[in-house]
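This report concerns only the one structure given below.
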Amino acid sequence: MDKIVVNGPSRLSGNVSISGAKNSALPLICASLLSPGLNIIHNVPRLGDVRTILKLLAIMGAEVDLKWPTVEINTADIDNLHAPYELVKTMRAAILVLGPLVARYGRARVSLPGGCAIGARPVNLHLTALEAMGADIKIVNGYVEVKSSRLKGAVIKFPQVTVGGTENIMMAATLAEGTTVIENAAREPEIEDLAIFLNKMGARVHGAGTGVITIEGVNSLKEATHSVIPDRIETGTFMVAAAITGGDVLLENVEPLHVTDIINKMESCGVGIETSGTTIRVRGPEIIHPVDVITQPYPAFPTDMQAQFMVLGLKASGTSVITESIFENRYMHVPELMRMGADIVINGRTAMIHGGKPVSGATVMATDLRASASLLLAGLIAEGETEVLRVYHLDRGYERIVEKLNSLGANIRRVSSKFY
Ligand code: UD1
Numbered sequence: 039m040d041k042i043v044v045n046g047p048s049r050l051s052g053n054v055s056i057s058g059a060k061n062s063a064l065p066l067i068c069a070s071l072l073s074p075g076l077n078i079i080h081n082v083p084r085l086g087d088v089r090t091i092l093k094l095l096a097i098m099g100a101e102v103d104l105k106w107p108t109v110e111i112n113t114a115d116i117d118n119l120h121a122p123y124e125l126v127k128t129m130r131a132a133i134l135v136l137g138p139l140v141a142r143y144g145r146a147r148v149s150l151p152g153g154c155a156i157g158a159r160p161v162n163l164h165l166t167a168l169e170a171m172g173a174d175i176k177i178v179n180g181y182v183e184v185k186s187s188r189l190k191g192a193v194i195k196f197p198q199v200t201v202g203g204t205e206n207i208m209m210a211a212t213l214a215e216g217t218t219v220i221e222n223a224a225r226e227p228e229i230e231d232l233a234i235f236l237n238k239m240g241a242r243v244h245g246a247g248t249g250v251i252t253i254e255g256v257n258s259l260k261e262a263t264h265s266v267i268p269d270r271i272e273t274g275t276f277m278v279a280a281a282i283t284g285g286d287v288l289l290e291n292v293e294p295l296h297v298t299d300i301i302n303k304m305e306s307c308g309v310g311i312e313t314s315g316t317t318i319r320v321r322g323p324e325i326i327h328p329v330d331v332i333t334q335p336y337p338a339f340p341t342d343m344q345a346q347f348m349v350l351g352l353k354a355s356g357t358s359v360i361t362e363s364i365f366e367n368r369y370m371h372v373p374e375l376m377r378m379g380a381d382i383v384i385n386g387r388t389a390m391i392h393g394g395k396p397v398s399g400a401t402v403m404a405t406d407l408r409a410s411a412s413l414l415l416a417g418l419i420a421e422g423e424t425e426v427l428r429v430y431h432l433d434r435g436y437e438r439i440v441e442k443l444n445s446l447g448a449n450i451r452r453v454s455s456k457f458y
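Below, the structure is given as structure tokens:
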């Protein structure tokens, strides 16, 4: 298994191009199951998770033609409505094939994703909503088995905001009989992106991006072409990298509106930020003021930026406070950061980061995608060598991160070895 070695500290400067959003590409690829034609998706990031979902579709009978960053998917001949555990366990988003399969074929057998490093993350809300639309659901041998005649439109009020649940039901409802209303819907930009793609296919989705989404069911959908929005979490990660290294970085191909809360929080820390069109320039200040964030559903501060902001807190002069309100176990990076000398105290869902203290390189273990990113960031500000193990997590969600950071002046390399 590979590892990444960072020699710090370094100052980042220059331009970096942000890739398409992982969390948009995955549902868009699943949505291609809804129409029996050739769907073309541009600006797809070259990531482990994208390969996994494409592999899943290929197993189901889709013809997948990869010409990065474009993916062509022909779903005319889907003949296997089974999503095996081996693929779903590596990536929860595979549950997003459920809605499209049930909507188009009236049945599906999809492995339950199980737990993951950042918490239990059940899919009960997806299933209850499909049941409300008339689906018959059984859990057999770890699989969700769904059968249904044509789904029926329903009013679905999610008791808590769920991104994947909103996406699954939005997709399922496109081919349902009648109108579906999703209340307390997730408002993430990725939901809007999916709705735009579905509407290009002939769906009638209204209100995506607000808390109430209305979907008028249609009889069939047609092929469509779409381009994935920029990755707002990769954007935020590079913004933090520039800030903590006292750098001056121009991020290109971004959507500043999707990172409004991240920009506001960083500005309140004293970080210099200028937005213009599809670029954001970030300049690290002499002194970073402490941060105070609570993770919440969009448009508030994203849980997927929590680990990276903790490293911002390490550089801040004073005590920062971070509260994780989405996932119950998303501080796995903290013990690793503490091995680098970080002074962090966890109390329930709140972390107090006593910043401004020196951190030094160490061998650290990545536990999930965003935790891994925080360890790389810490390596950029640490004295000496940081080795980040289990880098397959990073490969799941950051396109060419080593190359991108190196092009900005970091001293970072990937070491391949069968011994790690
Ligand atoms: C998506 C993102 C992930 C992000 C998360 C929260 C993708 C591919 N992944 O994950 O990067 O961290 O949103 O912004 O887009 N929950 C239930 N029952 C359910 C569904 C969810 O209890 O049926 C809970 C989860 O355990 C969690 C919370 O609801 O505590 C939010 O989860 P959800 O928004 O569904 O996250 P994902 O869609 O899995």
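Numbering (my numbering), first residue to last: 39 to 458. Ideal Cβ positions, reconstructed from N, Cα and C, are used throughout, including at glycine.
Chain-order list of residues whose beta-carbon lies under 8 Å from that of residue i (same chain, five-residue window excluded)
{"i": "E421", "result": "G46, P47, P396, V397, S398 and G399"}
{"i": "D117", "result": "M98 and G99"}
{"i": "E169", "result": "I175"}
{"i": "W106", "result": "V82 and R84"}
beta-carbon residue i near the ligand UD1 non-hydrogen atom, thresh 8 Å
{"i": "L165", "result": "yes"}
{"i": "L92", "result": "no"}
{"i": "L95", "result": "no"}
{"i": "K127", "result": "no"}
{"i": "R434", "result": "no"}
{"i": "G203", "result": "yes"}
{"i": "F276", "result": "no"}
{"i": "N45", "result": "no"}
{"i": "Q198", "result": "yes"}
{"i": "F347", "result": "no"}
{"i": "I364", "result": "yes"}
{"i": "N222", "result": "no"}
{"i": "D381", "result": "no"}
{"i": "R142", "result": "no"}
{"i": "L64", "result": "yes"}
{"i": "K60", "result": "yes"}
{"i": "A241", "result": "no"}
{"i": "E272", "result": "no"}
{"i": "R159", "result": "yes"}
{"i": "E226", "result": "yes"}
{"i": "R130", "result": "yes"}
Same chain only: Cβ atoms within 7 Å of residue i, ignoring 5 sequence neighbours per side
{"i": "M343", "result": "I271, G274 and I300"}
{"i": "G245", "result": "I251 and T252"}
{"i": "G180", "result": "Y123, S149 and L150"}
{"i": "S51", "result": "G285, D286, V287, L446 and G447"}
{"i": "G216", "result": "K190, G191 and G255"}
{"i": "R49", "result": "T283, G284, G285 and G447"}
{"i": "P323", "result": "G308, V309 and G310"}
{"i": "K442", "result": "V54"}
{"i": "V292", "result": "I56, P268, T273, T316, T317 and I318"}
{"i": "H120", "result": "R147"}
Best match in the options for proximity to residue i [C-alpha to C-alpha]
{"i": "D406", "options": "R368, E101 and R438", "result": "R368"}
{"i": "E362", "options": "I318, L76 and F339", "result": "F339"}
{"i": "I229", "options": "P337, R408 and K185", "result": "P337"}
{"i": "L150", "options": "P138, L165, R142 and L139", "result": "L165"}
{"i": "G137", "options": "V109, T341, K105 and V184", "result": "V184"}
{"i": "R84", "options": "A448, I439 and R452", "result": "I439"}
{"i": "T333", "options": "S306, P197, R319 and R387", "result": "R387"}
{"i": "G13", "options": "E312, R408, E293 and M171", "result": "Here the chain comprises residues numbered 39 to 458, so residue 13 is not present and cannot be evaluated."}
{"i": "Y430", "options": "V178, D87 and S73", "result": "D87"}
{"i": "N265", "options": "G247, G315 and S57", "result": "The residue you asked about is not Asn; residue 265 is Ser in the sequence shown. Among G247, G315 and S57, the Cα nearest to that of S265 is on S57."}
{"i": "V311", "options": "V126, P328 and M277", "result": "Note that residue 311 is Ile in the sequence shown here, rather than Val. Closest by alpha carbon: M277."}
{"i": "A69", "options": "I364, T316, A241 and L413", "result": "A241"}
{"i": "R377", "options": "M209, G417 and K60", "result": "G417"}
{"i": "R225", "options": "M348, F196 and A214", "result": "F196"}
{"i": "L66", "options": "T248, G202, M348 and I364", "result": "G202"}
{"i": "R159", "options": "S454, L415 and I364", "result": "I364"}
{"i": "S454", "options": "R428, E437 and N444", "result": "R428"}
{"i": "D433", "options": "A214, A404 and V140", "result": "A404"}
Whole-number beta carbon distance between residue j and residue i, since they are thought to touch under 8 Å
{"i": "S55", "j": "E290", "result": "5 Å"}
{"i": "I450", "j": "V43", "result": "7 Å"}
{"i": "A146", "j": "I207", "result": "Wrong, their Cβ atoms sit about 14 Å apart, outside the cutoff."}
Cβ neighbours of residue i in the same chain (closer than 6 Å, five flanking residues each side left out)
{"i": "D330", "result": "V359"}
{"i": "V243", "result": "A233, L236, N237 and I253"}
{"i": "D381", "result": "H392 and K395"}
{"i": "V193", "result": "V219"}
{"i": "P294", "result": "T313 and I318"}
{"i": "V161", "result": "I133"}
{"i": "E425", "result": "K41, V43 and T401"}
{"i": "A96", "result": "V102"}
{"i": "V126", "result": "A132, S149 and P151"}
- Taking contact to mean at least 3 C-beta pairs separated by less than 8 Å, is the region 386 to 395 in contact with the region 344 to 357? yes
- Three or more C-beta pairs closer than 8 Å, one from the region 247 to 267 and one from the region 86 to 97: is that the case here? no
- Any chance the region 98 to 114 sits against the region 59 to 79, with 3 or more Cβ pairs inside 8 Å? yes
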